[in-house]
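>
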């Protein structure tokens with residue numbers, strides 16, 4: 006049976022291969038001011054250096070690597086291997102360490118409890134069959 010998760014994984018893999026705007030890694034302009042790009046409204050009111058950040062359902066080579074550029078210890082979780090490959094490649098090219106994990110945002114059992122200082126989640130809950138498990142995790 007083809008699940009919602011399978012459909013979403015395959016769709017995002019295709020989008021990554023097509024290099025649509027949501028699957029374009031951060032460029033020079035973003036790396037010139039990573040703090041501003043990831044926190045334009047100042048909602049994160051603490052220093053990111055050394056903080057543990059989880060970028061949830063955020064593969065694609067933007068969020069994770071920009072948080073790493075700002076000094077955070079970054080983990081990115083995404084259901085799409087192709088989107089995670091964009092994160093891995095850009096992190097390697099820029100000399101940053103990013104922990105990339107292939108998983109659905111509604112099943113994070115492999116991650117330790119209360120481990121992260123900040124969780125960043127771009128618009129993504131519309132891609133899971135039920136939102137409650139995401140927030141329970």
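In the working numbering, the protein residues as written are 6 to 142. No residue lacks a Cβ here, since even glycine has one placed at the ideal position from N, Cα and C. From a predicted model like this one, the values you see are computed outputs, not experimental measurements.
So residue 1 and residue 9 are in contact, right, with Cβ under 8 Å, and what is the actual spacing, rounded?
An answer regarding residue 1 cannot be provided, because it is not within the stretch 6 to 142 covered by the chain.
> For the alpha helix (DSSP H) that residue 58 lies in, which residues bound it at each end?
Residue 58 -> not in any alpha helix (DSSP H); beta strand (DSSP E) instead, spanning 57-61.
> Which partner residues does residue 104 have in the DSSP bridge list?
According to DSSP, residue 104 bridges with 80.
> Could you work out which residue in 103, 41, 84 is closest to residue 93 when comparing CA atoms only?
103
> Among 67, 53, 112, 127, which residue has its Cα nearest to the Cα of residue 121?
53
> Alpha carbons only, please: which of 67, 45, 113, 39 is nearest the one belonging to residue 26?
When each option's Cα is compared against that of residue 26, the closest is 67.
> Do residue 74 and residue 39 come within 8 Å of each other at the CB atom, strictly closer than that value?
yes
> In this structure, what does DSSP give as the bridge partners for residue 20?
Looking at the DSSP assignment, residue 20 forms no beta bridge with any residue, so it has no partner.
> If you follow the beta strand (DSSP E) that residue 123 is part of, which residue opens it and which one closes it?
Its beta strand (DSSP E) spans residues 123-125.
> Just to check my reading of the structure: residue 87 and residue 21 have Cβ atoms closer than 8 Å, yes? What is that Cβ distance to the nearest angstrom?
Right, the Cβ-Cβ distance comes to about 4 Å (below 8 Å), so this counts as a contact.
> How many whole angstroms separate the CB atoms of residue 33 and residue 55, which I take to be in contact at a CB cut-off of 8 Å?
Incorrect: roughly 25 Å between the Cβ atoms, too far for contact.
> Looking at chain B, is there any beta carbon in it that lies within less than 8 Å of the beta carbon of residue 30?
Although the question refers to chain B, the structure presented lacks it and comprises just one protein chain.
> Using the C-alpha atoms, what's the distance from residue 76 back to residue 35?
Per the coordinates, the alpha-carbon of residue 35 lies some 15 Å from the alpha-carbon of residue 76.
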